[in-house]
Amino acid sequence: MIKYLDINNPGYSIKCKVFCDNFREIEHVVLFAHGFGGHKDNKAAAHFAETMLSKTKKYAMFLFDWPCHGTDVRKKLTLEDCDTYLTMVLDYIRNVMKVEDICLYGTSFGGYLVLKYLHDHGTNPFRKIALRCPAVNIGEVMSERILTEENKALLARGKDVMAGFDRTVMIDQAFLDSLFENDIRKWDYIDYADDCLVLHGTKDEIVPFEISRAFAENNVIEFIPIEDSDHRFQDLNKLKLAHSHMLDFYTGKR
127 MIKYLDINNP
137 GYSIKCKVFC
147 DNFREIEHVV
157 LFAHGFGGHK
167 DNKAAAHFAE
177 TMLSKTKKYA
187 MFLFDWPCHG
197 TDVRKKLTLE
207 DCDTYLTMVL
217 DYIRNVMKVE
227 DICLYGTSFG
237 GYLVLKYLHD
247 HGTNPFRKIA
257 LRCPAVNIGE
267 VMSERILTEE
277 NKALLARGKD
287 VMAGFDRTVM
297 IDQAFLDSLF
307 ENDIRKWDYI
317 DYADDCLVLH
327 GTKDEIVPFE
337 ISRAFAENNV
347 IEFIPIEDSD
357 HRFQDLNKLK
367 LAHSHMLDFY
377 TGKR
């Protein structure tokens, strides 16, 4: 079944989606953190949820829209709001759904935000973390791969711009600066290494493969290259391969 729900706190309303067999019998949650310009109706996440539910019991896939993404109503993206959203979602899973066993599936910008969360909070709320093509160099990705020259000129003049690919998100120069200021490659994740897995396509056109591999190696994190895959894993067979590794990782089969 698919269940849509909102997490409401004063000033916030987070739009969420849950894949499960029975909402009242969930004991394990895989939380999905989508990428920049993405949304909770992510096709790759739906594929993983269907595969997972066909092979496991009492598991659920929990998705939500980051600020300014999908059907979220906030206007301008900030890292502070992203941290608040992730905190509120985790609180909901633990305190409302009464689930303590939480794993994380993060991709691209979502992977960056989760790694930033670990650093900022100094604790790991997840039993296992699997990151597909994490944007560990998100400042460079935003400046060199996502923003146009016109975008950057407008930002420099203090203007807001709509940035992205198929879907766009409003950002300002302060947001771009915050990405460079919070460069996760400068931080140490070795304490979390045993609970982390990074998978990356060798033909990723957005986040360079070698940058992701260097991040994993520097932090002694298991790294799995997916040969010839692009950033979005548009080849279903390559996505299936990545998901097979991830499901084994979550369920203790690797």
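The sequence shown finishes on residue 380 if you use the numbering used here, and the numbering steps up by one all the way, no holes. All C-beta atoms in this analysis are idealised placements derived from N, C-alpha and C, irrespective of residue type, glycine included.
Within the same chain, and ignoring the five residues on either side of residue 375 in sequence, the residues whose Cβ sits closer than 7 Å to its Cβ are 254, 256 and 323.
Burial is judged here by how many other beta carbons sit within 10 angstroms of a residue's own beta carbon; residue 279 has fewer than 16 and is exposed.
In this structure residue 236 is not in contact with residue 163, their Cβ atoms being roughly 11 Å apart against a cut-off of 8 Å. C-alpha of residue 238 to C-alpha of residue 151: approximately 31 Å in a straight line. Around the CB of residue 306, fewer than 16 other CB atoms lie within 10 Å, so the residue is classed as exposed.
In this structure, the straight-line span from the alpha carbon of residue 231 to that of residue 372 is close to 8 Å. DSSP places residue 190 outside any alpha helix (DSSP H); the residue lies instead in the beta strand (DSSP E), whose first and last residues are 185-190.
DSSP, reduced to helix, strand and coil, places residue 235 within a helical segment of the structure shown. Contact between the segment 222-231 and the segment 138-155 is present, with at least three C-beta pairs closer than 8 Å. 8 Å or more divides the Cβ of residue 261 from the Cβ of residue 277. Following the DSSP letters along the chain, one finds residue 156 inside the beta strand (DSSP E) bounded by residues 154-159. Checking the DSSP bridge columns, you'll see residue 213 has no partner listed. Here residue 216 has 157, 228 and 251 as same chain residues with Cβ atoms under 8 Å from its own Cβ, once five neighbours each way along the sequence are excluded. DSSP places residue 339 in no beta strand (DSSP E) but in the uninterrupted alpha helix (DSSP H) bounded by 335-344. Contact check for residue 303 against residue 296 fails: the beta carbons are separated by 8 Å or more. For residue 355, there is no enclosing beta strand (DSSP E), as DSSP gives it neither H nor E.
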